[in-house]
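Student: To start, I am sharing the structure in question, which I have written as structure tokens.
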Amino acid sequence: MIVIEYKVKAKQHQFLAIDEAIRTTQFIRNKSIRYWMDNEKVNGADLNKNCTKLAKEFSFVKDLNSMARQSAAERAWLAISRFYSNCKKKIPGKKGYPSFKKNVRSVEYKTCGWKLDKSNKSITFKDGKGIGKVKLIGSRELNFYSDSEIKRARIVKRADGYYVQFCLSIDPRVAVNTSLEATGNAVGIDLGLIDFMTDNQGLKVPTPKFYRQGEKQLNRTNRKKSKKFKKGQKHQSNNYHKARKRYSLKHLRVSRQRKEWLKRLALRLVKSKDLIVYEDLNVKGLVKNPKLAKSISDAGWSIFRQWLDYFAYKYGKVSLAVAPHYTSQECSNCGMIVKKALSERTHVCSECKSVLDRDENAAINILRKGIYQLSTTLGRRECEASGDETSALIGEILLRASFVNE
Ligand SMILES: [Zn+2]
Numbered sequence: 415m416i417v418i419e420y421k422v423k424a425k426q427h428q429f430l431a432i433d434e435a436i437r438t439t440q441f442i443r444n445k446s447i448r449y450w451m452d453n454e455k456v457n458g459a460d461l462n463k464n465c466t467k468l469a470k471e472f473s474f475v476k477d478l479n480s481m482a483r484q485s486a487a488e489r490a491w492l493a494i495s496r497f498y499s500n501c502k503k504k505i506p507g508k509k510g511y512p513s514f515k516k517n518v519r520s521v522e523y524k525t526c527g528w529k530l531d532k533s534n535k536s537i538t539f540k541d542g543k544g545i546g547k548v549k550l551i552g553s554r555e556l557n558f559y560s561d562s563e564i565k566r567a568r569i570v571k572r573a574d575g576y577y578v579q580f581c582l583s584i585d586p587r588v589a590v591n592t593s594l595e596a597t598g599n600a601v602g603i604d605l606g607l608i609d610f611m612t613d614n615q616g617l618k619v620p621t622p623k624f625y626r627q628g629e630k631q632l633n634r635t636n637r638k639k640s641k642k643f644k645k646g647q648k649h650q651s652n653n654y655h656k657a658r659k660r661y662s663l664k665h666l667r668v669s670r671q672r673k674e675w676l677k678r679l680a681l682r683l684v685k686s687k688d689l690i691v692y693e694d695l696n697v698k699g700l701v702k703n704p705k706l707a708k709s710i711s712d713a714g715w716s717i718f719r720q721w722l723d724y725f726a727y728k729y730g731k732v733s734l735a736v737a738p739h740y741t742s743q744e745c746s747n748c749g750m751i752v753k754k755a756l757s758e759r760t761h762v763c764s765e766c767k768s769v770l771d772r773d774e775n776a777a778i779n780i781l782r783k784g785i786y787q788l789s790t791t792l793g794r795r796e797c798e799a800s801g802d803e804t805s806a807l808i809g810e811i812l813l814r815a816s817f818v819n820e
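All residue numbers for the sequence shown refer to our numbering, where the first residue is 415 and numbers rise by one.
Structure below.
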């Protein structure tokens, strides 16, 4: 699945119509959650039926395209099934009980209710919401793809305007059709707060300055916003709304800048290596530590790993997550466990006397774990293929192979 995004240029009344469509989406989603709460054993199909009922009951629901209505109900079902699966997996802490949303920001049309014009420079939404024809601004070309490949058209509202996203059912690998040359390099990376990344050769990528700068600016605009907020008042002043707008614009800018940086770093890594091993950190668990929470959720590790996996897949490389246990404690030279606090930046082994940067030591362990994991899974597959499940040892396979050759 790939996503192509355009900015929308339209008239004021069209933006109001988009807002109305988004509000209806939110209405359907929340009503679906309510229906699930009030009734027993509700499934996805029931929510769809309920959606049809809502359309009969409320004319503004009926105005929204039928598939867009369905997609709004599906959002509710997504939240519900995520909750179910969290309960099933018994993940610790909150399970994400579905809640009502107050600021839904998008409306999703599927394959109907809209039409691209021939040049693909504008799109017309044809349901009862009256959005009509809007211009699309952006450099990416939709012409390469056939209409049947566009599975969804989504309108998204952001602080700086409206966007249309097209979701295409295309394998990103096929879309580029270029697997990269093998580089012969494998790398283990340790993600951290002081340095964003350290690899197994001790190479460090520091967290960029704009991370902290952006944070300061955000805090300042947030303070200004809070000062203008009058508690207990139903309608806030114009100055408050101006400050709120400034804050959300700033927020958008800072997060875009961060995401772009993470994306580029991931791409650079995938282009220069064949195998990238990283730690499968439970970000959710870590964020519970209040001291670290802010820094971790800002660090962007999960976004970074998503981009790593995406690019690795797209360019035919391997990215691999390994369990994080003992990666920073174990000595990468002799395997001895050397306990250390988070503040200790150097690994000093009392057994083999090796002295290493803490993160470099971890990165070496991560790479080793990754290669071990790969060899085990590939080795086991080999065994299953030969029908002999009892020998899971790669050594045995090799022995057998050499015996056959003789
Ligand atoms: Zn050692």
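Glycine included, each C-beta is placed from N, C-alpha and C at the ideal position.
Using 7 angstroms as the cut-off, classify the Cβ of Ser742 as near or not near the heavy atoms of ligand 1, replying yes or no.
Tutor: Ser742 Cβ: outside cutoff for every heavy atom of ligand 1.
Student: So, under 8 angstroms CB-CB, Ile569 and Tyr559 are touching, yes? Tell me the CB distance rounded to an integer number of Å.
Tutor: The Cβ separation is near 19 angstroms, so there is no contact.
Student: Can you tell me where the beta strand (DSSP E) with Gly602 in it begins and where it stops?
Tutor: Ala600 to Leu605 is the extent of the beta strand (DSSP E) around Gly602.
Student: Can you find a heavy atom of ligand 1 that lies under 7 angstroms from the Cβ of Glu454?
Tutor: Not so, every heavy atom of ligand 1 lies at least 7 angstroms from the Cβ.
Student: Between Lys535, Leu478, Val518 and Pro506, which has its C-alpha nearest Asp541's C-alpha?
Tutor: Ranking the options by Cα distance to Asp541, first place goes to Leu478.
Student: When DSSP labels each residue in this structure, what does Gln692 get in the three-state scheme?
Tutor: A small correction: the amino acid at residue 692 is Tyr; Gln does not occupy that position in the sequence shown. The answer is strand: DSSP assigns Tyr692 an E or B state.
Student: Looking at ligand 1, does it come within less than 7 angstroms of Asn775, judged from the CB to the closest heavy atom?
Tutor: It does not: the Cβ of Asn775 is nowhere closer than 7 angstroms to a heavy atom of ligand 1.
Student: Compute the beta-carbon to beta-carbon distance between Gln428 and Gly546, rounded to the nearest angstrom, for a pair I have assumed lies under 8 angstroms.
Tutor: Between Gly546 and Gln428 the Cβ distance is about 6 angstroms, and since that is below 8 angstroms, they are a contact.
Student: The beta strand (DSSP E) with Lys421 in it runs from where to where?
Tutor: Unbroken beta strand (DSSP E) run through Lys421: Ile416 to Lys423.
Student: For His655, which of Ser640, Ser495 and Val668 has the nearest alpha-carbon?
Tutor: Among Ser640, Ser495 and Val668, the Cα nearest to that of His655 belongs to Ser640.
Student: Helix, strand or coil: which one does DSSP assign to Gly546?
Tutor: Gly546 falls in the strand class under three-state DSSP.
Student: If you draw a straight line from the alpha carbon of Glu803 to that of Asn779, how long is it in whole angstroms?
Tutor: The predicted position of Glu803 is uncertain, since its pLDDT is 46 and thus under 50; a value taken from the coordinates is nonetheless stated next. If I take the Cα positions, the gap works out to 29 angstroms.
Student: What is the DSSP secondary structure of Ser742, reduced to helix, strand or coil?
Tutor: Ser742 falls in the coil class under three-state DSSP.
Student: Using the beta-carbon count (16 or more within 10 Å), is Tyr740 buried or exposed?
Tutor: Counting Cβ neighbours within 10 Å, Tyr740 comes out exposed, since fewer than 16 surround it.
Student: Between Asn614 and ligand 1, is the CB less than 7 angstroms from at least one heavy atom?
Tutor: It does not: the Cβ of Asn614 is nowhere closer than 7 angstroms to a heavy atom of ligand 1.
Student: Alpha carbon to alpha carbon, how far is Leu812 from Gly793?
Tutor: For Leu812, the pLDDT reaches just 48, beneath the cut-off of 50, and the residue's location in the model is therefore unreliable, although a value from the coordinates is still provided. Distance between the alpha carbons of Leu812 and Gly793 is about 10 angstroms.
Student: Please give me, in chain order, every unbroken run of the alpha helix (DSSP H) with length at least 4 that falls completely inside the region 642-698.
Tutor: Correct list: 652-686.
Student: Return the Cβ separation of Asn555 and Ser583 in integer angstroms, given the expectation that the two are a contact with Cβ distance under 8 angstroms.
Tutor: In the sequence on display, residue 555 carries Glu and not Asn. About 17 angstroms; that fails the 8 angstroms criterion.
Student: Is Ser495 near ligand 1, with its Cβ less than 7 angstroms from a heavy atom?
Tutor: No, the beta carbon of Ser495 sits no closer than 7 angstroms to any heavy atom of ligand 1.
Student: I'd like to check one pair, Gly714 with Leu683: are the Cβ atoms closer than 8 angstroms?
Tutor: No. Outside cutoff.
Student: Are the CB atoms of Arg483 and Ala469 within a distance shorter than 8 angstroms?
Tutor: Cβ distance < 8 angstroms, so Ala469 and Arg483 count as in contact.
Student: Report yes if the C-beta of Cys763 is less than 7 angstroms from at least one heavy atom of ligand 2; otherwise report no.
Tutor: Among the ligands in the structure shown, ligand 2 does not appear; only ligand 1 can be found there.
Student: What first and last residue would you give for the beta strand (DSSP E) that runs through Gln615?
Tutor: Per DSSP, Gln615 belongs to no beta strand (DSSP E) and is neither H nor E.
Student: Taking only the alpha-carbon atoms, compute the straight-line gap between Ile690 and Thr791 and give it to the nearest angstrom.
Tutor: Between Ile690 and Thr791, the C-alpha separation is close to 16 angstroms.
Student: Would you mind giving the Cβ-Cβ distance between Val619 and Phe610, rounded to the nearest angstrom? I have them listed as a contact below 8 angstroms.
Tutor: About 5 angstroms; that satisfies the 8 angstroms criterion.
Student: Assign Leu461 to one of three DSSP states: helix, strand, or coil.
Tutor: Reduced to three states, the DSSP call for Leu461 is helix.
Student: Any idea which residues DSSP pairs Ser536 with across the strands?
Tutor: Answer by DSSP bridge pairing, in chain order: Lys549.
Student: Taking Lys685 as the reference, give the member of His665, Val668, His649 and Phe725 with the closest Cα.
Tutor: The option with the nearest alpha carbon to Lys685 is Phe725.
Student: What whole-angstrom Cβ distance do Asp604 and Asp773 have, given they're in contact under 8 angstroms?
Tutor: Confirmed, about 5 angstroms.
Student: If distances are taken between C-alpha atoms only, which option among Thr760, Arg566 and Ser746 comes closest to Arg782?
Tutor: Of Thr760, Arg566 and Ser746, the residue nearest in Cα terms is Ser746.
Student: Would you call the CB atoms of Ser446 and Asn464 closer than 8 angstroms?
Tutor: Yes.
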